[in-house]
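The sequence shown begins at 1 in full-length UniProt numbering and counts up one residue at a time.
Backbone N, C-alpha and C define an ideal beta-carbon position, used for all residues, glycine too.
To keep things clear, I will list the structure first and then write my remarks on it.
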Amino acid sequence: MGWFDRVTDQVDALQHAERLQEVSRSAEACEILDRVVATTTDPYARAYALVQRLSALINLGRTAEYSRAIDQASTAVRDLAEPYLHGHLNALAALAAHHQGALDRCVTHLVKAARALGAAEDPDSRTAWGWHDLAMAYSYLSFHGYALGAIERARQLGTAAGIPEETFAAPGIRLRNAVALDHNGDSDGCLRVLRDVAADLARFVRAGRAGRIRPSSLAAYGYAAARRAAFGDRVDSGTDADPVRLLGHGGDSARARDMRELGRVCLAVADGRPIEAVTRLDRIRVGDETLGAAEPARLRSIALSRAGDHAAAHRTDRLAFRLAAQRNDRLRDVYIDGIAARIDHEEMRREAARYEGEALTDPLTGLPNRRRLERYIGAVVGRGERVVIGVCDLDGFKAVNTRHGHHSGDLVLQRIAGVINRVMRRGDFVARYGGDEFVVVLPGAGMGEAAEVARRIDAAVRDEDWESLVPGTPVGISIGFAEVGDGAGPSLRDALSAAFEAADREMLRAKARPRAS
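In structure tokens form, the structure reads like this:
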């Protein structure tokens, strides 16, 4: 029994919408799915309709609607214990995040999608489509090895469910692999992959199975042929492999429309009309996500070279290479920062887990919050222990938010939290007090130990590679320490207040002192 057997309402409508999406008629599918969402009372029908509706919106390129569609689908899926729904939703959310340029969110969704789809106990044809969409997301992000592995999983599940092999041929995955090679200077490798794509299509044609290939896949085969022609390869016209004919497929898919536009540029170059190709590039607008931000620049370079303007071709080729490199750099930063943040976050979660309870943890950094801090200091002082507190305030944080935005500011706060937590002594306590202010608590310590801790924190912050995270915006830290006096009952609050005021004054003095360059 597959999970879809749990759907008890409007099954025929949902299946019809599925079939429409498979043949790239997503606008019609979206109308049907809207009606299902508006009328069903079955939670499984509603959840599946919202997931499929998100897929339709992505196919149509209606980016302004992505965020709301993801929120609606997430709410509907959240309470349903069905791995497929969670996996497919995350695969689609990864595609949406990629289109929106949010690579960190995209990577998070990719990981969640793979885990959820892999946990499906009775994978069926719909699970196969979930793996297919995950493969697409991997491919758009240039994780070509992961994409090939995911599409192979889709093929295996599809074959077991009776789906023809050519349905999951996914030429677009290898096409993006090919143009990525070209953008990075390996034109020979690009041409080899494009020829392999053509050989696959020829195999389906010989077997009489070309008519069962998805329209969006036919468009990808067409662009692969047109791209080969722009390189000078001979491409047959008037046959099933004619790029003009193939590029006409794709229905209402936004990505197919992009490939048609760029395919015409390639064919103009192949037909000896390079100036027309350049003019076309000046007129069209295609999404960076379809074949990468570097593809229009690379085609312009090829066209200019054919027109004999080799100097301009070289400059444009360098632009294409820089655009491709920027993408790789962003991916590297996402992973490096993500891994560092995850390590720090796990360490802080283990520390904060000792103080589980009512809203005692800062959700951004994972550190104990102000409420937990005050309870902790009160407990230590109440036991008669000596304690020093330190107020840590970031330098340059306002400039980070102004120049790079609040998302980068959040990343800086998370990084600072991890840096401070790493260099503290065993048994010390770190909390986020609010804004860009952190507090450290040193039980059993005096001002001598506090000075050493301050030096360690300052050195660790200065050693961080802030340039890669917020270029051109230095980040520093100012720290002030004070001892908490003895107290109990009402006087305890006064003692804490006095210590915080003293530490704050010391922090402001530190901030005013000139820094060594």
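Use the C-beta contact count for residue i: other C-beta atoms within 10 angstroms, 16 or more gives buried, fewer gives exposed.
i: Ala510; result: buried
i: Leu508; result: exposed
i: Val93; result: Here residue 93 turns out to be Ala, not Val, going by the sequence shown. It counts as buried.
i: Gln15; result: exposed
i: Thr402; result: exposed
i: His109; result: buried
i: residue 519; result: Residue 519 is absent from the structure shown; the chain starts at 1 and stops at 517.
i: His249; result: buried
i: Pro164; result: exposed
i: Asp182; result: buried
i: Ile275; result: exposed
i: Ser468; result: exposed
i: Ala160; result: exposed
i: Arg493; result: exposed
i: His407; result: exposed
i: Asp12; result: exposed
i: Asp362; result: buried
i: Val193; result: buried
i: Gln52; result: buried
i: Gln326; result: exposed
For residue i, which residues in the same chain have their Cβ closer than 7 Å to its Cβ, ignoring the five residues on either side in sequence?
i: Glu358; result: Unreliable placement is indicated for Glu358, whose pLDDT of 44 sits below 50; the coordinate value is still reported in the next sentence. Nothing listed; no residue qualifies.
i: Gly444; result: Glu385 and Arg386
i: Gln72; result: Leu50
i: Leu80; result: Pro43, Tyr44 and Ala47
i: Ala307; result: Pro274 and Ile275
Straight-line CA distance for residue i to residue j?
i: Val244; j: Gly222; result: 7 Å
i: Asp5; j: Glu437; result: 53 Å
i: Ala202; j: Arg195; result: 10 Å
i: Leu304; j: Asp236; result: 25 Å
i: Val441; j: Val470; result: 29 Å
i: Gly409; j: Gly435; result: 10 Å
i: His98; j: Cys106; result: 6 Å
i: Ala495; j: Pro514; result: 31 Å
i: Arg227; j: Pro296; result: 12 Å
i: Leu394; j: Val475; result: 7 Å
i: Ile213; j: Thr167; result: 6 Å
i: Ala450; j: Phe481; result: 7 Å
i: Ile284; j: Ala454; result: 57 Å
i: Ile336; j: Thr40; result: In this prediction, Ile336 has a pLDDT of 48, which is less than 50 and means its spatial position is unreliable; nothing more can be read from the coordinates.
i: Leu175; j: Arg155; result: 18 Å
i: Ala459; j: His310; result: 51 Å
i: Ala76; j: Leu103; result: 25 Å
i: Asp288; j: Ser142; result: 12 Å
i: Glu452; j: Asp188; result: 58 Å
i: Gly396; j: Trp466; result: 11 Å
i: Leu33; j: Arg234; result: 44 Å
i: Asn184; j: Pro171; result: 20 Å
i: Arg456; j: Val423; result: 6 Å
i: Ala69; j: Tyr140; result: 20 Å
For residue i, collect the residues of the same chain with a Cβ closer than 8 Å to its Cβ; drop the 5 residues on either side in sequence, then sort them by chain order.
i: Gly489; result: Low local confidence applies: a pLDDT of 47 at Gly489 is under 50, so the model's placement there is unreliable, with the coordinate-based value given in what follows. Cβ within range, chain order: n/a, list empty.
i: Thr8; result: Asp42, Tyr44 and Ala45
i: Glu374; result: Leu496
i: Gly446; result: Arg386, Val388 and Glu483
Cβ atoms of residue j and residue i: under 7 Å apart, would you say?
i: Ala224; j: Val197; result: yes
i: Ala293; j: Leu319; result: no
i: Pro83; j: Ala119; result: yes
i: Ser253; j: Ser24; result: yes
i: Ser26; j: Leu60; result: yes
i: Ile173; j: Ala147; result: yes
i: Val278; j: Leu299; result: no
i: Leu247; j: Ala207; result: no
i: Tyr433; j: Arg370; result: yes
i: Val400; j: Val461; result: no
i: Leu157; j: Pro123; result: yes
i: Val179; j: Leu291; result: yes
i: His144; j: Asn177; result: yes
i: Pro215; j: Gly263; result: no
Looking only at its own chain, which residues have a Cβ that is under 6 Å from the Cβ of residue i, when we skip the five neighbours before and after it?
i: Gly87; result: Ala113, Ala116, Leu117 and Gly130
i: Ile339; result: Residue placement at Ile339 is poorly supported in this model, since its pLDDT is 48, which falls under 50; the coordinates are not used for a value here.
i: Ala270; result: Ala229 and Ala230
i: Ala499; result: Ile389, Ala482 and Val484
i: Cys392; result: Phe438, Ile477 and Ile479
i: Leu95; result: Ile58 and Ala137
i: Ala29; result: Ala17, Leu20, Gln21 and Ala56
i: Asp317; result: Ser301
i: Trp3; result: Glu82 and Tyr84
Give a yes or no on whether the minimum CB-CB distance between residue i and chain C is below 7 Å.
i: Val470; result: Although the question refers to chain C, the structure presented lacks it and comprises just one protein chain.
Minimum length 4: unbroken alpha helix (DSSP H) runs contained in the segment 205 to 277 = 215 to 231, 243 to 247 and 254 to 270
Length-filtered (4 minimum) alpha helix (DSSP H) runs lying within the segment 95 to 145 | 103 to 118 and 125 to 140
Beta strand (DSSP E) runs wholly inside the segment 349 to 421, at least 3 long, in chain order = 387 to 395
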